[in-house]
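A.B. asks: Take this structure first; my questions come after.
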């Protein structure tokens, strides 16, 4: 669905509680008590409800028809079978939202749920439940929760699938004085789902962080798109339960068997920029940390402690978790040296390996100076302070000193750095000043370390979303048509596997180097083939080929190191005979023969494509060879990939440490591995009928890669309907179908394509050619700093909810102009922006780009295009009027015009 009418749950002006209740009377009593504060400010009606003595703040009615108008929010407690009729009546009266409340989880028949949906559809009435414990917006005194603890007002939005998780989280929050901007118990997710809630609270000004609990997803494209949009502006923390109940290893290939569902979710969360936590303790720590502070970077960390063991415990654990430990500037070391114990390290340097050990009897004023000076160090992104109480300084004084230092440092520097404190053995009294200052504080070193790592992981996730990958090499031009012909032929013959020869042809079409392999139907054919290979090879390899027995090593189906054509023939015959004896019903194609790679420095890797029921295709990467399924050294990523994503995928497996070389091994070609992963991703995008694919092993070498074996399975892909058509991908790929050439008034041609993540340098060079005045008219303010973060926001597009086109000079490759359209979460309205090079005005480029974005909006089902234009920008206003936009003065600023164009009724050609 959308976020339409969700304000009925989170900002209602009126509520009706409708019976007769199917629940215990205690449920009604609890609900009315929770609603009493809201009822004192707004109208709350009790309809057909036996509630004993009704307090004066509630009104009573016999039916919904007795009300002057339908309530914004209806809380339905009646019999489930009556719900469709009740919902239809409420929708007709203008009700926006219905909450199907239950004290525990309820399971309604799908037929009944569908009737409820159909009753709500005509007016887009929204529903939460059944089986929901309720919703709450503490800032509005709105509480319908059937929970043990009452949520406090705050800035964390929390959505939970499980009632137990919700109750546990609210109880923890109450004891830690953590408040919420909104709380939602989802129940059965008949209508409103977690993606709708993410979109809604991403725009909520009260919400600084989003916390969600989920078990599974039904709309992956929608979830990823919503989560990525939210994570750019505020932390999104996720905990998932239920992985122990999932089935693993059902695929027909190694990739399919390695695509553990929870690893797939891990890849989804990582790709969407979410911070995943694994248990409730970690979730509470992450909430406490990220709801208080969020920093742009947290890579170089320092540890300050008033004990060597405390500092060592923390710095060791940070190193284990992959944190970068800061090296202090010499000026910082000199300034804090009088307050530190003498260094005990080989370098004899204070702050070596990120550790600073203060004197135990350090007065509060000196502690403030030391902490402040370290925070001012340019090489320090974050500081972890650990203190145990001493006979000379109390934990309360230490906490107060650190809190005061943090406040003063923010005022002086303007840059907020990560600061986390551990007051060992402290309590709520000692941490009071730190709570007031918004500094995360814990009572053990382990908790404090995890806390600052939450900040580091969150900063990395956002940086990952903003990072710019290098361009795809220009010489990679896959022969999609050739690969398509091979696949179509196999499908026409009702085959679900490609033959080794066909696999080799597909690999060649996508420029993935595969060792020369030929198929033999008999031992004699194998011998003849081998004679050719032995002209240049010292040894050959023979493998059994059977679509019914894809895992060769599990049936002893490989023979290595064969030294002559006769040995090849003997091995082939043995493989055929033993397999027919062991598996008489198996369809045996024959054997494959190829030369044996003799490279003692090569590293065997695995690359694969798996098909998952929820998220579609995933890329699998890990250690290769016969241990591929046993090593556990594997990581997953969602396609489409670029080189940056591919390189990050490589870095997540343990064996990748060998790629950089060791004393005994040379460095290997990591860039070639990344490029091969991108090529595999492109196969997935171009040919969705390739459901699963194994490349095992892919040997990484000093000067490239070489695949020694590959297999491909085919089938009809399960497609998920998205806004840009049918796709089996969970993330919208680059929409190459919108590449085109436009003709301008003066006859010149320009090439127009969607903007890509690697266009940052192109865009930066373009802005340097645009006059300061034109930039001011476009951005409503002077723009002088084209920073990476600024440009990344313009190039890192989620094509599911935004589009931007670049007009490029086909001769020089320079950017001439650009137009973009960003839709709201409902995908009904899009806001446009357009800019052209200052020396190209009057040739019709802006007009052509505006017509293009209007055509795109119409094709994508967007109803209305809007924009804001400075009234002094008369040329833009004139063009808008000629294109059919209505022009009105903005309510918020008389110097701005709001321009609006209904798209639905426009002609398809839009010739203007």
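Residue numbers (the working numbering): 547 to 1458. We put the beta carbon where it would ideally sit given N, CA and C, even for glycine. Just so you know, these numbers come straight off a predicted model, no measurement behind them.
With a 10 Å radius around its C-beta and 16 neighbouring C-beta atoms as the bar for buried, classify residue 627 as buried or exposed.
C.D. replies: The residue is exposed, with fewer than 16 neighbouring Cβ atoms inside 10 Å.
A.B. asks: Measuring alpha carbon to alpha carbon, tell me which of 1245, 1050, 1055, 1008 ends up nearest residue 1022.
C.D. replies: Of the candidates 1245, 1050, 1055, 1008, the one whose C-alpha sits nearest the C-alpha of residue 1022 is 1055.
A.B. asks: Among 667, 1447, 1248, 1169, whose alpha-carbon lies nearest the alpha-carbon of residue 1429?
C.D. replies: Among 667, 1447, 1248, 1169, the Cα nearest to that of residue 1429 belongs to 1447.
A.B. asks: Measuring straight from C-alpha to C-alpha, what distance separates residue 1275 and residue 719?
C.D. replies: For residue 1275 and residue 719, the distance between alpha carbons rounds to 38 Å.
A.B. asks: With H, G and I counted as helix, E and B as strand and the rest as coil, what does DSSP make of residue 1347?
C.D. replies: Here residue 1347 sits in coil by DSSP.
A.B. asks: Does the region 1414-1434 come close enough to the region 1342-1351 that 3 or more CB-CB pairs lie under 8 Å?
C.D. replies: With a cut-off of 8 Å, the region 1414-1434 and the region 1342-1351 do not count as touching, because too few Cβ pairs lie within range.
A.B. asks: Does the distance from the CB of residue 1090 to the CB of residue 1121 come in under 7 Å?
C.D. replies: In contact: residue 1090 and residue 1121 (Cβ atoms closer than 7 Å).
A.B. asks: Could you tell me if residue 831 is buried or exposed, where buried requires 16 or more neighbouring beta carbons within 10 angstroms of its beta carbon?
C.D. replies: Buried, because 16 or more other Cβ atoms sit within 10 Å of the Cβ of residue 831.
A.B. asks: Give me the residue from 645, 636, 1002 with the minimum Cα distance to residue 614.
C.D. replies: Closest option to residue 614, Cα to Cα, is 636.
A.B. asks: In chain order, which beta strand (DSSP E) runs of at least 3 residues are fully inside the region 606-676?
C.D. replies: For the region 606-676, whole beta strand (DSSP E) runs of length 3 or above, ordered along the chain, are 619-622, 643-647.
A.B. asks: CB residue 743 to CB residue 712, shorter than 7 Å?
C.D. replies: No; because the gap between Cβ atoms is not below 7 Å, this pair is not in contact.
A.B. asks: Thinking C-beta only, is residue 1324 closer than 7 Å to residue 1389?
C.D. replies: It is not a contact, given that the beta carbons lie outside the stated cut-off.
A.B. asks: Roughly how many angstroms lie between the CA atoms of residue 1158 and residue 885, to the nearest whole one?
C.D. replies: Looking at the two C-alpha atoms, the distance is approximately 58 Å.
A.B. asks: Does the beta-carbon of residue 1169 have 16 or more other beta-carbons within 10 angstroms, so that it is buried, or is it exposed?
C.D. replies: Classification for residue 1169: buried.
A.B. asks: If distances are taken between C-alpha atoms only, which option among 1060, 1392, 1351 comes closest to residue 1257?
C.D. replies: Residue 1060 is the option with its Cα nearest to residue 1257.
A.B. asks: How is residue 882 classed by DSSP in three states: helix, strand or coil?
C.D. replies: The answer is helix: DSSP assigns residue 882 an H, G or I state.
A.B. asks: Pull up the CB-CB distance for residue 809 and residue 1182, whole angstroms please, since I reckon it's below 8 Å.
C.D. replies: Residue 809 to residue 1182, Cβ: 5 Å. Contact.
A.B. asks: Go through the region 1137-1198 residue by residue and report every complete run of the alpha helix (DSSP H) that reaches 4 residues or more, in order.
C.D. replies: Those alpha helix (DSSP H) runs which fall completely within the region 1137-1198 and span 4+ residues are 1189-1197.
A.B. asks: Taking its Cβ as the centre, do 16 or more other Cβ atoms sit within 10 Å of residue 709, making it buried, or is it exposed?
C.D. replies: Burial call: buried.
A.B. asks: Quick check: the region 724-734 against the region 767-783, are at least 3 beta-carbon pairs closer than 8 Å?
C.D. replies: The answer is no - the region 724-734 does not touch the region 767-783, with fewer than three Cβ pairs under 8 Å.
A.B. asks: Since residue 1086 is in the beta strand (DSSP E), which residue starts that stretch and which ends it?
C.D. replies: Residue 1086 -> beta strand (DSSP E) spans 1086-1091.
A.B. asks: Quick one: what's got a C-beta closer than 8 Å to residue 1088's C-beta in the same chain, skipping five residues either side?
C.D. replies: Taken in chain order, the residues that qualify are 1072, 1104, 1105, 1108, 1114, 1117, 1118, 1121, 1137, 1138, 1139.
A.B. asks: Buried or exposed: residue 714, going by 16 or more other Cβ atoms within 10 Å of its Cβ?
C.D. replies: Result: buried.
A.B. asks: Distance cutoff 7 Å, beta carbons only. Does residue 687 sit that close to anything in chain E?
C.D. replies: Among the chains of the structure shown, chain E does not appear; only one protein chain is present.
A.B. asks: Is DSSP giving residue 1444 helix, strand or coil here?
C.D. replies: DSSP places residue 1444 in strand when its eight states are reduced to three.
A.B. asks: Alpha carbons only, please: which of 1326, 987, 1180 is nearest the one belonging to residue 1439?
C.D. replies: Ranking 1326, 987, 1180 by Cα distance to residue 1439 puts 1326 first.
A.B. asks: Mind listing, in chain order, the continuous beta strand (DSSP E) runs of no fewer than 3 residues lying wholly within the region 723-763?
C.D. replies: Fully enclosed beta strand (DSSP E) runs of 3 or longer: 725-731, 755-760.
A.B. asks: Once you ignore the five residues that flank residue 975 on each side, which residues in its own chain have a CB closer than 7 Å to its CB?
C.D. replies: Hits under 7 Å: 942.
A.B. asks: Report the rounded CA-to-CA distance for residue 559 versus residue 1233, giving the unit in angstroms.
C.D. replies: Their backbone Cα atoms lie some 52 Å apart in a straight line.
A.B. asks: Restricting to Cα atoms, I'd like to know which of 824, 926, 1352, 1008 is closest to residue 1312.
C.D. replies: Here the closest residue by C-alpha is 1352.
A.B. asks: Consult DSSP for residue 1378 and reduce its assignment to one of helix, strand or coil.
C.D. replies: Three-state DSSP puts residue 1378 in a strand.
A.B. asks: Quick check: the Cα distance between residue 1034 and residue 1044, rounded to an integer number of angstroms?
C.D. replies: C-alpha separation (whole angstroms): 11 Å.
A.B. asks: Give me the Cα-Cα distance between residue 945 and residue 989, rounded to the nearest whole angstrom.
C.D. replies: Roughly 12 Å separates the two Cα atoms.
A.B. asks: Just curious, the beta strand (DSSP E) that residue 591 is in, first and last residue?
C.D. replies: Segment 589-593, the beta strand (DSSP E) holding residue 591.
A.B. asks: My understanding is that residue 934 touches residue 824, with C-beta atoms under 8 Å, so please give their C-beta distance in whole angstroms.
C.D. replies: Between residue 824 and residue 934 the Cβ distance is about 29 Å, and since that is not below 8 Å, they are no contact.
A.B. asks: Starting from the C-beta of residue 875, find all residues in its chain whose C-beta is less than 8 Å away, skip the five residues before and the five after it, and write them out in chain order.
C.D. replies: Result list for residue 875: 923, 924, 925, in chain order.
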